[in-house]
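Undergrad: Here it is, the structure in full.
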Amino acid sequence: MVNKHLIALEQNLGTSSLDKINEPFIQAQGVELYLKRDDLLHPVISGNKWRKLKYILNHALSIDCQKITSMGGAYSNHLHALAYVGQLLNIKTRGIIRGERPKKLNPTLSDLMSWGMEVEFISRSDYRQLRDYKTYNALPGMQQGEYWLPEGGAMVLALQGVAEVVDELTIDYDVLCVACGTATTFAGLINRVADNKRVLGFAALKGADFLQADVQQMLVNQPYDHKNGSICLDYHFGGFAKVKPVLVDFMQDFEQAHGIQLEPVYTGKMLYGIYDLIRQGFFKPGQRIIALHTGGLQGNRGITPVI
Ligand SMILES: Cc1ncc(COP(=O)(O)O)c(C=O)c1O
Numbered sequence: 000m001v002n003k004h005l006i007a008l009e010q011n012l013g014t015s016s017l018d019k020i021n022e023p024f025i026q027a028q029g030v031e032l033y034l035k036r037d038d039l040l041h042p043v044i045s046g047n048k049w050r051k052l053k054y055i056l057n058h059a060l061s062i063d064c065q066k067i068t069s070m071g072g073a074y075s076n077h078l079h080a081l082a083y084v085g086q087l088l089n090i091k092t093r094g095i096i097r098g099e100r101p102k103k104l105n106p107t108l109s110d111l112m113s114w115g116m117e118v119e120f121i122s123r124s125d126y127r128q129l130r131d132y133k134t135y136n137a138l139p140g141m142q143q144g145e146y147w148l149p150e151g152g153a154m155v156l157a158l159q160g161v162a163e164v165v166d167e168l169t170i171d172y173d174v175l176c177v178a179c180g181t182a183t184t185f186a187g188l189i190n191r192v193a194d195n196k197r198v199l200g201f202a203a204l205k206g207a208d209f210l211q212a213d214v215q216q217m218l219v220n221q222p223y224d225h226k227n228g229s230i231c232l233d234y235h236f237g238g239f240a241k242v243k244p245v246l247v248d249f250m251q252d253f254e255q256a257h258g259i260q261l262e263p264v265y266t267g268k269m270l271y272g273i274y275d276l277i278r279q280g281f282f283k284p285g286q287r288i289i290a291l292h293t294g295g296l297q298g299n300r301g302i303t304p305v306i
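According to numbering that gives the first Met the number 0, the sequence shown is numbered sequentially starting from 0.
Set out below in structure tokens:
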């Protein structure tokens, strides 16, 4: 990374520790579970947000970008981080939001606007079409100095920052777990782990079998034969951002036992899944599992469980 503002920003981030999760049932299964605490990097550009944005921003600044446009839902962690970092770096930002403008803005949307993001609401069908534009200069009608950032920061450049998580792991391990939205973070981990490690993704959305093809597309120079990576589709709890009381109970118990907050869209579902798989004996005795805490705790605001 060459941009001096980004280097300064990174120097001020918190430390992502590796915390052991002690639970009698985990020990009884003969496995070990650790949490890589990327949530501690920053309250807003936390978790995979910084990892994914880092080299994208570096590229944008290197080509004199003045404005970044991206897309997301009304609680998007990605847009939240982008708006915040845009304000810090003096880059204009524009967020295209899925669905109608709500009568009352939620806390995420209010933050976006207070950080100077231009916010535009579009229909769900128009939103889906925007997913076809996958490179920084692909969006039709872009002006000089504008940069298009696909949903969730899903660009090949994002993989480079995510791979740095792997380089930071100070202990040996067998399985690295991560929540998947666009699976960009998953692809970044796959890109860097050694051949004898496995990356296990947990899809946050229902019917996400298309993610494997998306991952392959992002791993342009590396055939992805699923040997060391797979995405588990069983812990979506009814769909993206759908929250059930059993998940809320799990997150509350987890926070009480370990003093670590989760959120229900990504990390809550992933850890619920990991606990469930440990109980089922999915992991072999002696295996060490590391789960990536991808942050996004701002998303906790306004999520209500559906019974
Ligand atoms: C907190 C959190 N965890 C995980 C993810 C999933 O990341 P990806 O879209 O790279 O799969 C997201 C979405 O970006 C997120 O906000």
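Even glycine gets a Cβ: it sits at the ideal position worked out from N, Cα and C.
Please name the residue in T92, V192, Q211 whose C-alpha comes closest to that of G71.
TA: Here residue 71 refers to the residue found at position 72 of the sequence shown. Measuring from the Cα of G71, the nearest candidate turns out to be T92.
Undergrad: Quick check on the DSSP output: what are the complete beta strand (DSSP E) runs of length 3 or more inside the segment 122-149, in order along the chain?
TA: With a minimum length of 3 residues, the continuous beta strand (DSSP E) runs that stay inside the segment 122-149 are 145-148.
Undergrad: Any heavy atom of ligand 1 closer than 7 Å to the beta-carbon of A13?
TA: Counting from one through the sequence shown, the residue named residue 13 turns up at place 14. The sequence given here has Gly at residue 13, not Ala. Flag unset: Cβ of G13 not near ligand 1.
Undergrad: If you count every other CB in all the chains shown that lies within 10 Å of the CB of A137, and 16 or more means buried, which is it?
TA: Here the question's residue 137 lines up with position 138 in the sequence shown. By the neighbour-count rule (16 or more Cβ atoms within 10 Å), A137 is not buried but exposed.
Undergrad: Here's the rule: buried if 16 or more other CB atoms are within 10 angstroms of the residue's CB, otherwise exposed. What is N190?
TA: Counting from 1 along the sequence shown, the entry for residue 190 is found at position 191. The residue in question, N190, is buried, as its Cβ has 16 or more Cβ neighbours within 10 Å.
Undergrad: So the beta strand (DSSP E) G181 belongs to, where does it begin and stop?
TA: Here the question's residue 181 lines up with position 182 in the sequence shown. Note that residue 181 is Thr in the sequence shown here, rather than Gly. Run containing T181: none; DSSP gives neither H nor E here.
Undergrad: Tell me which same chain residues have a C-beta within less than 8 Å of the C-beta of L52, skipping the five on either side of it?
TA: Sequence index remark: in the sequence shown, residue 52 carries index 53 (1-based). The residues are I44, A80, L81, V84, G152, A157, G160.
Undergrad: Using only the alpha-carbon positions, how far apart do S195 and P23 sit?
TA: Looking up residue 195 in the sequence shown gives position 196. Looking up residue 23 in the sequence shown gives position 24. It is Asn, not Ser, that sits at residue 195 in the sequence shown. Cα to Cα, N195 sits roughly 28 Å from P23.
Undergrad: Hey, could you find the ends of the alpha helix (DSSP H) H292 is sitting in?
TA: Here the question's residue 292 lines up with position 293 in the sequence shown. Element bounds for H292: not the alpha helix (DSSP H) but the beta strand (DSSP E), 287-292.
Undergrad: Under the three-state reduction of DSSP, which class applies to K268: helix, strand or coil?
TA: Reading the sequence shown from its first residue, position 269 is the one you call residue 268. Helix at K268.
Undergrad: Going by alpha carbons, who is nearest to W49 out of T183, G98, Y33?
TA: Here residue 49 refers to the residue found at position 50 when the sequence shown is read from its first residue. Closest by alpha carbon: T183.
Undergrad: Is the Cβ-Cβ distance between L261 and L270 less than 8 Å?
TA: Position 262 of the sequence shown, counted from the start, is the residue given in the question as residue 261. Position 271 of the sequence shown, counted from the start, is the residue given in the question as residue 270. Yes. Within cutoff.
Undergrad: To the nearest whole angstrom, what separates the beta carbons of I273 and D173, a pair I think is in contact under 8 Å?
TA: In the sequence shown, the residue the question calls residue 273 occupies position 274. In the sequence shown, the residue the question calls residue 173 occupies position 174. Not confirmed; about 13 Å, so no contact.
Undergrad: Consider the C-beta atom of G29 and the heavy atoms of ligand 1; say whether any pair is separated by less than 7 Å.
TA: Reading the sequence shown from its first residue, position 30 is the one you call residue 29. Because no heavy atom of ligand 1 lies under 7 Å away, the Cβ of G29 does not count as near it: no.
Undergrad: In whole angstroms, what separates the C-alpha of I259 from that of F253?
TA: The residue given as residue 259 occupies position 260 in the sequence shown. The residue given as residue 253 occupies position 254 in the sequence shown. Near 7 Å, if we compare the C-alpha coordinates of F253 and I259.
Undergrad: Starting from I67, trace the beta strand (DSSP E) in both directions and tell me its first and last residue.
TA: Locating residue 67 in the sequence shown gives position 68, counting from the first residue. That run of the beta strand (DSSP E) goes 66-71.
Undergrad: Is H257 near D38, with beta carbons less than 8 Å apart?
TA: Stepping through the sequence shown from its first residue, residue 257 is reached at position 258. Stepping through the sequence shown from its first residue, residue 38 is reached at position 39. In this structure, D38 does not lie closer than 8 Å to H257 by Cβ.
Undergrad: Any idea what DSSP makes of L56, helix, strand or coil?
TA: As a position in the sequence shown, residue 56 is number 57, starting the count at 1. Reduced to three states, the DSSP call for L56 is helix.
Undergrad: Roughly how many whole angstroms lie between the Cα atoms of Y132 and P149?
TA: One-based indexing of the sequence shown puts residue 132 at position 133. One-based indexing of the sequence shown puts residue 149 at position 150. Roughly 7 Å separates the two Cα atoms.
Undergrad: How would you write the range of the alpha helix (DSSP H) that S229 sits in, first residue to last?
TA: Here residue 229 is taken as the residue at index 230 of the sequence shown, counted from 1. Unbroken run through S229 is the beta strand (DSSP E), 228-231; no alpha helix (DSSP H).
Undergrad: For a quick check, are the C-beta atoms of H235 and A203 less than 8 Å apart?
TA: As a first step, residue 235 is located in the sequence shown; it is residue number 236 there, counting from the start. As a first step, residue 203 is located in the sequence shown; it is residue number 204 there, counting from the start. Yes, these two residues count as a Cβ contact at 8 Å.
Undergrad: Tell me the residue span of the beta strand (DSSP E) that contains I96.
TA: To locate residue 96, count along the sequence shown from 1; it is residue 97. Looking at the DSSP string, the run of the beta strand (DSSP E) that includes I96 is 91-97.
Undergrad: In angstroms, rounded to a whole number, what distance separates the CA positions of V118 and L111?
TA: Looking up residue 118 in the sequence shown gives position 119. Looking up residue 111 in the sequence shown gives position 112. The straight-line gap from Cα to Cα measures roughly 8 Å.
Undergrad: Hey, how far is the Cα of L129 from the Cα of Q142?
TA: In the sequence shown, residue 129 corresponds to position 130, counting from 1. In the sequence shown, residue 142 corresponds to position 143, counting from 1. Spanning the two alpha carbons is a distance of roughly 17 Å.
Undergrad: Of the residues R278, A207, V155, which one's Cα is nearest the Cα of F239?
TA: Position 240 of the sequence shown, counted from the first residue, corresponds to residue 239. Considering only alpha carbons, the answer is A207.
Undergrad: Would you grab the beta carbon distance between I67 and I96 for me? Rounded to a whole angstrom, and I think it's under 8 Å.
TA: For the purposes of this step, residue 67 is taken as residue 68 along the sequence shown, with counting starting at 1. For the purposes of this step, residue 96 is taken as residue 97 along the sequence shown, with counting starting at 1. So it is not a contact: roughly 15 Å between Cβ atoms.
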